[in-house]
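First comes the structure, then the notes that go with it.
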Amino acid sequence: MSSNIIEFEAARDRATARQDQRLHPRLESDERLFTQVVLSPGDPDLVGTTLSCTAVNLSIGGIQFRTNEGLPRGSLIDLWVDVANRPGKFFLAGEVRWSRSAGAPDDHGRQEFFVGVQLKSGAATDIVDWRDYHANAFAR
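Residue numbering for the sequence shown follows our numbering, starting at 118 and increasing by one per position.
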């Protein structure tokens, strides 16, 4: 006879696995970065738009950041990430995987958004250096 009792920990683990689709461990961050929209099938008027952003977390394969404009899923963006303990900026390219409101507008009435980006490989980017940087960060 099988039991109908579900262990809370097992149920929580399954729920977390459904919500968290991360492939790589994350580094919490508040680094400054800039993005520029290269292609946006969901809103072509955004192409060429540059946004000032604040990182939330960083990984080998992705970045989550906070900004004052939502970006449509599937948009292709260039990113310039300034990491405090490293000279220069990383130039990266990625695809917006999700974008959602960060909650109520701030005291000045500005709405903010969280955006998740999957990084893409490219010959003209710093993706190899980015991966090395993160591999070393997790080795410490």
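Beta carbons: idealized from backbone N, C-alpha and C, even for Gly.
In this text, all values refer to a predicted model and were calculated from it rather than measured experimentally.
Beta-carbon proximity of residue i to residue j, cut-off 7 Å
| i | j | result |
| --- | --- | --- |
| Ser192 | Ala172 | no |
| Trp197 | Phe231 | no |
| Ile180 | Arg248 | no |
| Val155 | Asp199 | no |
| Glu229 | Ala219 | yes |
Cutoff 8 Å; reference residue i; Cβ partners in own chain excluding five residues on either side
| i | result |
| --- | --- |
| Asp246 | Phe207 |
| Arg190 | Gly159, Val213, Arg214, Trp215, Ser216 |
| Arg170 | The residue asked about is misnamed: residue 170 is Cys in this sequence, not Arg. Same-chain partners within the cutoff: Arg149, Leu150, Phe151, Thr152, Phe182, Arg183, Thr184, Val232. |
| Asp224 | none |
| Ala254 | Leu144 |
For residue i, the nearest candidate out of the options (CA to CA)
| i | options | result |
| --- | --- | --- |
| Leu209 | Val234, Leu156, Asn174, Pro158 | Val234 |
| Leu236 | Gly226, Arg149, Leu175 | Leu175 |
| Leu188 | Thr166, Asn202, Ala201, Ala221 | Thr166 |
| Gly226 | Gly205, Asn185, Ala240 | Asn185 |
| His251 | Arg203, Asp223, Ala241 | Arg203 |
| Ala241 | Ala201, Gly211, Asp224 | Gly211 |
Residues near residue i by beta carbon distance below 6 Å, same chain, minus five either side
| i | result |
| --- | --- |
| Asp243 | Phe207, Phe208 |
| Ser238 | Ile244 |
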